[in-house]
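Chemist: Here it is, the structure, as structure tokens.
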Amino acid sequence: MGSSHVDLSKRHTEKPSFSPEKLAEVQALMNSYPEGKHKSALIRILHIAEEEFGGWLSIETMDYVAELMNIQPIEVYEVATFYTMFNLDPVGKYVFEVCRTGPCMLVGSDQIIDYIGEKLNIKVGETSSDGMFTLKTAECLGACGYAPMLQCGKKFHEHLTKERVDEVIASYREGKVPN
Amino acid sequence: MGRRILLENDHVPGIETIDVYRKHGGYRSVEKALKKMSPEQVVEEVQKSGLRGRGGAGFPTGMKWSFLAKPEGVPRYLLCNADESEPGTFKDRYLMEKIPHLLIEGMIVSSYALGANQSYIYIRGEYMWILDILEKAIAEAKAAGFLGKNILGSGYDLELGVAPGGGAYICGEETALIESLEGKRGNPRMKPPFPAVKGLWGCPTVVNNVESIAAVVPIVNDGGEEYAKIGIGKSTGTKLISASGNLVRPGVYEIDMGISVEEFIYGDDYCRGIAYNKKMKACVPGGSSVPILPAHLVTKTAAGEDRLMTYESLADGGFASGSMLGSGGFIVFDEDQCIVRNTWNFARFYAHESCGQCSPCREGTGWMEKVLYRLEHGTGNLHDIDLLAEINKKIEGNTICPLGDAAAWPVAAAIRHFREEFEWHVTNREEAQRKNYGLLKESVA
Amino acid sequence: MVKVTIDDVQIEVEEGTSILNAARSVGGEIVPPAMCYYSKLPGTGGKCRTCLVEVAQGSEKDPRPMPKLVASCSTNVMDGMVVKNKTSERVQQNRGGVVEFLLINHPLDCPICDQAGECHLQDLGFEHGGAKTRYEEDRRTFDPIDIGNKIKLHMNRCILCYRCVHVANQLTESRVHGVLHRGEHAEISTYIENAIENDFSGNMIDVCPVGALTDKTFRFKSRVWFLKPMEASCECTKCSGKAVVWMFGNEIYRVTARKDKYGEVEDQDGKTGWICNDCRFDKKDVSKWNVEGPRKIDRHSVISQGHYLSPRSGAQKTIK
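Here the protein sequences line up with chains A, B and C, keeping their order. Under my numbering, the residue at position 12 of the first sequence is numbered 12, and the numbers go up by one with no gaps. Heads up: take any position in the second sequence, counting from 1, add 1000, and you land on my numbering. Heads up: take any position in the third sequence, counting from 1, add 2000, and you land on my numbering.
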């Protein structure tokens, strides 16, 4: 802790802008709520913005969302910093979020986290030097019966063993989403 | 295998599509309710069924519905709580993933009963792929005339939306869920007013768990009385249990309320015992926030009676020797697991998930986590154990929402039942550090 | 009108009154402390939990006691309700717990804090705090930051009452600061360096119950108890111009709004007497004010002498 302001060295140099298709999707989301209640679409739009603009939410991205939604930038910052799924710093191409909560821990999630870290030569919170992978931990992701597990994008990789982690990483390296 | 009401068709290929779902009897309840029943009659059936909220609190669903305010000219909302985040709980995910139309069907009938013309499913952001499944199912239901204007010619209109969260356990608390659905931070609201009076956008709102809403389907199809015949006493119907931890066969099971805990853990139809022929050390039967029970109190109550999978039996003995059914997140620990480590792990979870709004929770959960971290990592002291108990008491009951209690109970119960293990961690620091825990499968064999 | 008993004092108040406001209508010892609730700012309250009280009897109709302590600022009285504040051991213990929570990460830097002497947390700490801390961990720290050129934010001292957020929502056109992150990492911030430029932003300082938001034009100038608070007014086009000027000799050291004994800005001409930034920060020249006379400070702070009784006299409490 210690810094109350975000690190301004991390920015997008260009102003983000949705493609016409994405913009239409975002507008439709806002319009799906009753008049004057379009702020309800904020969280979903942030997910879309994150996906579109490099996997994380820069100040520029958040300001752009605020502008689109006609709300104050602080309303976006408040929400983006509250919910843990949003990355406030740049991330690798693939973000591994390994569940570390009780039921996963009981069947070895700590070793899985260590193993991924060793394999990619990074600590939790860091991105591999090739920019491919970011390792994060997450609290219970709802896969307790199929633990240990990690989430990457929309995909849950469950029943992890070291061998399985090897396969998953190899597959992503080839640009394929593992089964 | 026990009776399956909700998950009857979970293994039917293509059951996630509306055609297959309808071939297996899907959407009958919508036809029945909208054509032959008044909204009040649907509420009545749910009241007769004795259905209790499946999210964790166990509050009677029919009663919750009856509290909904109905001022003229003000819209009412039904929100489905699919923010399943309680550690050890993954049943709603299973249901939505496998049989999305069951939830959609339940939402239609329940919305009709409550007079809601716009309903939402709020789903945790990490389940984004299920959001896609649900939206596809909604589109199918709409094309088939089960959603939209004048459903089945009944004159009843309903639109159904899905909204994702962004990663926050607290949004499972109903007022935090509402805040989040309004596009804000998930800070729970002060109550009263309750959502039934002032909920989403200030309008009367009911928030129900996925499983509760799904259960309305068989209740309408077969009648509340039929449903109430399953189970024991005030624990009626079937319950989805998410089993995890050191079990031979973890997973989601639909059980009749009232089977014995013994059968659930060791029975061939269910979890088939503890993995690797180990012994059970402890069990958290209802999700991480309910009190942990040592092995001897899991299958038997303190009075020596068989412990059953019901709200009442699991709570038998109060917090001294009982626990709670909660969300049905059934976590089993084998003999090699470390209770201190697990207690720290859960405390870390709650500190991580506290919204930070009220002082006892914001400061207290973080404090407990730090003290437990020291105990687990070999730098704790004996007086820390009493300190934890004290912090606990100052959090419990003093917070805006139940997260404070949820954080306090597991710590209190762990100390209550496993104090010696906490002390051992202080008196045998080095050995405690070497002790194994949660080994991966390959390393155990 | 409904009848309610608070600490054996019977009061009649209008229906819909909170327990806290019912107690304030009588005043004195029965009034629970409030760190986050602010009657002039709708939407505040419920967060700090210092105002927790015991409801020994719910109402005449339903006399059952409430199982949990309730936040008196956000719980309305019922006819026949019986409330215990000072007279409840449970309340005193739990309030002590809340104060301990508020203090574990607090820097306790009163000797260099401008709020000292008129700080509600200092008062609470005196009344309910333990003599020793049981917190062995590192305290949470943040760097102090400027929010605008006249306001300093010391997040280390903040108790997250959210009052300043409500001030910005209600008094300014667009809010640029808010609560970021969550749990014990929650903080008041602008996220990016961002000045709060608004004629009424200075009122955030007046509503802050602790020394988290302080007036940079007064920073380290003097301890408040060395100053003489004087009621003063001026011709102002932006606000009522009715303020308190804090003087040393003939010099004005700082300007604040006129606050009541609960630290709340008083009404002026039928409206809440918020003052504008010009009056607060820029009018330090005594010739610009019509000094009306001494301001009576009757709130319980060190400014009003004799409040802090010596512990040895045993009048307040025994320090453990």
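Note that the Cβ used here is the ideal one computed from N, Cα and C, for glycine as well.
Which same chain residues end up closer than 6 Å to Trp1201 of chain B when comparing Cβ atoms and leaving out the 5 residues on each side of it in sequence?
Modeler: Your numbering for residue 1201 of chain B matches position 201 in the second sequence. Contacts found: none.
Chemist: Run through chain B and tell me which residues come within less than 7 Å of Ile2104 of chain C, C-beta to C-beta.
Modeler: Along the third sequence, one-based indexing puts residue 2104 of chain C at 104. Correct list: Glu1363 and Trp1367.
Chemist: Would Val2091 of chain C and Glu2127 of chain C qualify as a contact pair, given that the criterion is a beta-carbon distance under 8 Å?
Modeler: By one-based count along the third sequence, residue 2091 of chain C stands at place 91. By one-based count along the third sequence, residue 2127 of chain C stands at place 127. No, the pair does not count as a contact, with Cβ atoms beyond the cut-off.
Chemist: So does the stretch 123-132 of chain A actually touch the stretch 1220-1239 of chain B, counting three or more Cβ pairs closer than 8 Å?
Modeler: The stretch 123-132 of chain A vs the stretch 1220-1239 of chain B: no contact.
Chemist: To the nearest angstrom, report how far apart Gly1991 of chain C and Met1190 of chain B are at their CA atoms.
Modeler: With chain C running from 2001 to 2320 in the structure shown, residue 1991 of chain C is simply not present.
Chemist: Quick one, which of B:Phe1333, B:Val1332 and B:Glu1312 has its alpha-carbon nearest Ser1323 of chain B's?
Modeler: On the second sequence, position 323 is the one that residue 1323 of chain B refers to. When each option's Cα is compared against that of Ser1323 of chain B, the closest is B:Glu1312.
Chemist: Leu2069 of chain C and Asn1392 of chain B - do their beta-carbons sit closer together than 8 Å?
Modeler: Within the second sequence, residue 1392 of chain B is the residue found at index 392, counting from 1. Within the third sequence, residue 2069 of chain C is the residue found at index 69, counting from 1. Result no, Cβ atoms of Asn1392 of chain B and Leu2069 of chain C do not sit closer than 8 Å.
Chemist: Restricting to runs no shorter than 3 residues, where is the beta strand (DSSP E) found entirely within the stretch 1003-1036 of chain B?
Modeler: Those beta strand (DSSP E) runs which fall completely within the stretch 1003-1036 of chain B and span 3+ residues do not exist here.
Chemist: Following the continuous alpha helix (DSSP H) through Arg164 of chain A, name the residue where it begins and the one where it ends.
Modeler: Position 164 of the first sequence, counted from the first residue, corresponds to residue 164 of chain A. Note, Arg164 of chain A: alpha helix (DSSP H), Lys162 to Arg173.
Chemist: When you compare the CB positions of Pro2032 of chain C and Asn2085 of chain C, do they come within less than 8 Å of one another, or not?
Modeler: Translated into positions along the third sequence, residue 2032 of chain C becomes position 32. Translated into positions along the third sequence, residue 2085 of chain C becomes position 85. Taking 8 Å as the Cβ cut-off, Pro2032 of chain C and Asn2085 of chain C qualify as a contacting pair.
Chemist: Checking contacts by CB at 8 Å: is Lys2084 of chain C closer than that to chain B?
Modeler: Working through the third sequence from its first residue, we reach residue 2084 of chain C at position 84. Chain B contact via Cβ: absent.
Chemist: Taking all protein chains shown into account, decide if Glu1442 of chain B is buried (16 or more other Cβ within 10 angstroms of its Cβ) or exposed.
Modeler: In the second sequence, counting from the first residue as 1, residue 1442 of chain B sits at position 442. Interpretation of Glu1442 of chain B is limited by its pLDDT of 48, a score under 50 that renders its predicted location unreliable; no figure is taken from the coordinates.
Chemist: Please check if any C-beta of chain A sits within less than 8 Å of the C-beta of Gly2080 of chain C.
Modeler: What you label residue 2080 of chain C is simply residue 80 of the third sequence in a count that begins at 1. So no, Gly2080 of chain C is outside the interface.
Chemist: Classify Trp2246 of chain C as helix, strand or coil using the three-state DSSP reduction.
Modeler: Taking the third sequence and counting its residues from 1, one reaches residue 2246 of chain C at position 246. It is a strand residue.
Chemist: Put Asn70 of chain A into one of helix, strand or coil per three-state DSSP.
Modeler: The count along the first sequence starts at 1 and reaches residue 70 of chain A at position 70. Correct three-state label for Asn70 of chain A: coil.
Chemist: So, are the CB atoms of Phe1330 of chain B and Ile1230 of chain B less than 8 Å apart?
Modeler: The sequence position of residue 1330 of chain B within the second sequence is 330, counting from 1. The sequence position of residue 1230 of chain B within the second sequence is 230, counting from 1. Contact flag unset, no.
Chemist: Quick one: using the 10 Å Cβ neighbour count with 16 as the cut-off for buried, is Met2155 of chain C buried or exposed?
Modeler: Within the third sequence, numbered from 1, the residue matching residue 2155 of chain C stands at position 155. It counts as buried.
Chemist: Using a Cβ-Cβ cut-off of less than 8 Å, list which residues of the stretch 1145-1177 of chain B approach chain A; keep chain order.
Modeler: Of all residues in the stretch 1145-1177 of chain B, Gly1161, Ala1163, Pro1164, Gly1165, Gly1166, Gly1167, Ala1168 and Tyr1169 have a Cβ within less than 8 Å of some Cβ in chain A.
Chemist: Please list the segments of the beta strand (DSSP E) lying wholly inside the stretch 1313-1359 of chain B, counting only runs of 3 or more residues, in order along the chain.
Modeler: Counting whole runs of 3 or more residues, the stretch 1313-1359 of chain B contains the beta strand (DSSP E) stretches 1329-1334.
Chemist: Give the single residue among A:Ser109, A:Gly55 and A:Ile48 whose Cα lies nearest to the Cα of Val91 of chain A.
Modeler: For the purposes of this step, residue 91 of chain A is taken as the residue at position 91 of the first sequence. Ranking the options by Cα distance to Val91 of chain A, first place goes to A:Gly55.
Chemist: Suppose you measure from the CA of Tyr1027 of chain B to the CA of Asp1336 of chain B; what does that come to, to the nearest Å?
Modeler: For the purposes of this step, residue 1027 of chain B is taken as residue 27 along the second sequence, with counting starting at 1. For the purposes of this step, residue 1336 of chain B is taken as residue 336 along the second sequence, with counting starting at 1. So the alpha carbons of these two residues sit roughly 48 Å apart.
Chemist: If you follow the alpha helix (DSSP H) that Pro1218 of chain B is in, where does it begin and where does it stop?
Modeler: Along the second sequence, read from residue 1 onward, the residue named residue 1218 of chain B stands at position 218. Taken as a continuous stretch (DSSP letters only), the alpha helix (DSSP H) holding Pro1218 of chain B covers Val1210 to Asp1222.
Chemist: Flag His1352 of chain B as yes if its beta-carbon sits less than 8 Å from any beta-carbon of chain A, otherwise no.
Modeler: What you label residue 1352 of chain B is simply residue 352 of the second sequence in a count that begins at 1. Cβ-Cβ to chain A under 8 Å: yes for His1352 of chain B.
Chemist: Grab me the residues of Leu2171 of chain C's own chain with a C-beta within less than 7 Å of its C-beta, minus the 5 sequence neighbours each way, in chain order.
Modeler: Residue mapping note: residue 2171 of chain C aligns to position 171 of the third sequence, counting from 1. Contacts found: Phe2200, Asn2203 and Trp2274.
Chemist: Exposed or buried, which one is Leu2309 of chain C when buried takes at least 16 other CB atoms within 10 Å?
Modeler: Translated into positions along the third sequence, residue 2309 of chain C becomes position 309. Caution applies to Leu2309 of chain C, whose pLDDT of 46 falls short of 50 and renders its modelled position unreliable; the value that the coordinates give is listed next. So Leu2309 of chain C counts as exposed.
Chemist: Give the interface partners of Phe192 of chain A over in chain B, defined as CB-CB distance under 9 Å, in chain order.
Modeler: Outside the displayed range of chain A (1 to 179) lies residue 192 of chain A, so it cannot be described from this structure.
Chemist: Can you tell me where the beta strand (DSSP E) with Gln2010 of chain C in it begins and where it stops?
Modeler: One-based indexing of the third sequence puts residue 2010 of chain C at position 10. Note, Gln2010 of chain C: beta strand (DSSP E), Val2009 to Val2013.
Chemist: Of all the residues that make up the stretch 1126-1145 of chain B, which are near chain C by a beta-carbon distance shorter than 8 Å?
Modeler: For the stretch 1126-1145 of chain B, which is checked against every Cβ of chain C, not one residue is closer than 8 Å.
Chemist: Taking Cβ positions, are Ile1133 of chain B and Glu1016 of chain B nearer each other than 8 Å?
Modeler: Counting from 1 along the second sequence, the entry for residue 1133 of chain B is found at position 133. Counting from 1 along the second sequence, the entry for residue 1016 of chain B is found at position 16. Cβ distance < 8 Å, so Ile1133 of chain B and Glu1016 of chain B count as in contact.
Chemist: Please identify, using Cβ separations under 8 Å, the residues of the stretch 2148-2180 of chain C that lie next to chain A, in order along the chain.
Modeler: Cβ contacts with chain A: Leu2153, Met2155, Ser2174, Arg2175, Val2176, His2177, Gly2178, Val2179 and Leu2180.
Chemist: Does any C-beta atom of chain A lie closer than 8 Å to the C-beta of Lys2317 of chain C?
Modeler: Counted from its first residue, the third sequence places residue 2317 of chain C at position 317. Because the pLDDT of Lys2317 of chain C is 43, which lies under 50, any placement of that residue in the model is unreliable, and the number read from its coordinates should be weighed accordingly. Judged by the 8 Å Cβ criterion, Lys2317 of chain C is not in contact with chain A.
Chemist: Answer yes or no: does any C-beta atom of chain C fall closer than 8 Å to that of Thr81 of chain A?
Modeler: What you label residue 81 of chain A is simply residue 81 of the first sequence in a count that begins at 1. Output row for Thr81 of chain A: interface = yes.
Chemist: From the DSSP output, in three-state form, read off Gly1251 of chain B for me.
Modeler: Working through the second sequence from its first residue, we reach residue 1251 of chain B at position 251. Of the three classes helix, strand and coil, the one that applies to Gly1251 of chain B here is strand, per DSSP.
Chemist: With H, G and I counted as helix, E and B as strand and the rest as coil, what does DSSP make of Ile1292 of chain B?
Modeler: The residue given as residue 1292 of chain B occupies position 292 in the second sequence. Looking at Ile1292 of chain B - three-state DSSP - the assignment turns out to be coil, as it is neither helix nor strand.
Chemist: List, in order along the chain, the chain B residues whose C-beta lies closer than 7 Å to that of Ser2074 of chain C?
Modeler: On the third sequence, residue 2074 of chain C is found 74 positions in, with the first residue counted as 1. Met1190, listed in chain order.
Chemist: Exposed or buried, what is Ile2112 of chain C when buried is set at 16 or more other beta-carbons lying within 10 Å of its beta-carbon?
Modeler: Taking the third sequence and counting its residues from 1, one reaches residue 2112 of chain C at position 112. Exposed, because fewer than 16 other Cβ atoms sit within 10 Å of the Cβ of Ile2112 of chain C.
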